[in-house]
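Asker: First the structure, which I've put down as structure tokens, then a few questions once you've had a look.
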Amino acid sequence: MKGLLVSGFATVGAGTGAMLTLHAEAGLDPMHTVISEYAFQQSGWLLPASLTLFAVGSTLIAEAMRRAGGNRWVVGLLLAWGASMFLIGAFPTDRPGVPLSLSGGIHRYAAFAAFLMMPVAGLLLARARIRYARAVRVLCLVALGALVLVVVPYVVRMFGIPLTNDDIPAGLIQRTVVVTELGVLALAGMSLLRPVAGRALAARPAVRQA
21 MKGLLVSGFA
31 TVGAGTGAML
41 TLHAEAGLDP
51 MHTVISEYAF
61 QQSGWLLPAS
71 LTLFAVGSTL
81 IAEAMRRAGG
91 NRWVVGLLLA
101 WGASMFLIGA
111 FPTDRPGVPL
121 SLSGGIHRYA
131 AFAAFLMMPV
141 AGLLLARARI
151 RYARAVRVLC
161 LVALGALVLV
171 VVPYVVRMFG
181 IPLTNDDIPA
191 GLIQRTVVVT
201 ELGVLALAGM
211 SLLRPVAGRA
221 LAARPAVRQA
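Heads up: the sequence shown is residues 21 to 230, going by this note's numbering.
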């Protein structure tokens, strides 16, 4: 199990390195430019590479949790998050101003699913009072709050109100979601290394004494 976790952490770390390299080389405004648009830069190949590494890392951590007897719902959510990360990278978004394509639609809804699933998995883990439960809960709440802010512009546009990324810090909000969710994933793996004594590793309900 420890080998799986180390491999998972290393893979997620490599994905983070690729993402940071992409940001450094692209030179775009991270406050207002969403991450998906970095795919159109010269080093844009780093985006699907990074997301694929996140997907593999999440799968490795999920497998470690399964072998440790973790909650099957949490394991399933981590696997689904990884699958969503892969889809986000495999199906790039559309260029700004272009009508929504099939690839853009898959990209958008896979991203929304991923942004929602990780906080749910984290809250299930926090409910089980795993190690770092308080930090996991805080990160999940921040991620959910940022997710609401991510969705608001789409809802506003549905009502015909013009809104661009320059009007809101869309890039900052999106990055808040991504960073907090990677934090939840990392803490989920770390909790398996040193679980709280006498408690289940993930979201198993406690048995009440008569």
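Every residue gets a Cβ at the ideal spot worked out from N, C-alpha and C, and that includes glycine.
From a predicted model like this one, the values you see are computed outputs, not experimental measurements.
1) Measure the C-alpha to C-alpha separation of GLY109 and ALA163 and round it to an integer number of angstroms.
2) Taking all protein chains shown into account, decide if GLN194 is buried (16 or more other Cβ within 10 angstroms of its Cβ) or exposed.
3) Assuming GLY96 is part of the alpha helix (DSSP H), what are its boundary residues?
4) In terms of residue numbering, what span does the alpha helix (DSSP H) encompassing TYR129 cover?
5) Quick one: using the 10 Å Cβ neighbour count with 16 as the cut-off for buried, is PRO116 buried or exposed?
6) Going by DSSP in three states, THR31 sits in which element: helix, strand or coil?
7) Does MET51 come out as helix, strand or coil in the three-state DSSP assignment?
8) Just to confirm my understanding: we take LEU24, look at its own chain, exclude 5 residues before and 5 after, and list those with CB closer than 6 Å. What are they?
9) Using the Cβ count rule (16 or more neighbours within 10 Å means buried), how would you classify VAL118?
10) Judging by CA-CA distance, which residue of LEU67, ARG149, ALA34 and PHE29 is the nearest neighbour of GLU45?
11) Tell whether a beta-carbon distance below 8 Å holds between GLY203 and VAL54.
12) Quick one: is MET21 buried, meaning 16 or more other Cβ sit within 10 Å of its Cβ, or exposed?
13) Taking all protein chains shown into account, do 16 or more other C-beta atoms lie within 10 angstroms of the C-beta of TRP101, making it buried, or fewer, making it exposed?
14) With DSSP as the reference, label GLY203 as helix, strand or coil.
15) Please list, in chain order, all residues of the same chain as LEU97 whose beta carbon is under 8 Å from its beta carbon, the five residues on each side excluded.
16) Give the straight-line distance between the Cα atoms of PRO50 and ALA130, rounded to the nearest whole angstrom.
17) Let's see if you can read the secondary structure: which residues bound the alpha helix (DSSP H) around ALA88?
18) Excluding the 5 residues preceding and the 5 following THR41 in the sequence, name in chain order all residues of the same chain whose CB lies nearer than 8 Å to its CB.
19) Rounded to a whole number of angstroms, what is the C-alpha to C-alpha distance between ALA88 and ILE188?
20) Among the residues of its own chain, which have a CB less than 6 Å from the CB of ALA75, if the five just before and after it don't count?
21) Taking the alpha-carbon positions, what's the LEU207 to VAL156 distance?
22) Does DSSP put MET252 in a helix, a strand or coil?
Answerer: So, from the listed chains and residues:
1) 20 Å
2) buried
3) 92-110
4) 122-147
5) exposed
6) helix
7) coil
8) LEU80, GLU83 and ALA84
9) exposed
10) LEU67
11) no
12) exposed
13) buried
14) helix
15) MET137, MET138, VAL140, ALA141 and LEU144
16) 21 Å
17) Where ALA88 is concerned, there is no enclosing alpha helix (DSSP H), given that its DSSP letter is neither H nor E.
18) SER63 and LEU66
19) 43 Å
20) GLY102, MET105 and PHE106
21) 7 Å
22) Summary: the structure shown does not reach residue 252, with the chain confined to residues 21 through 230, and so no result is reported for it.
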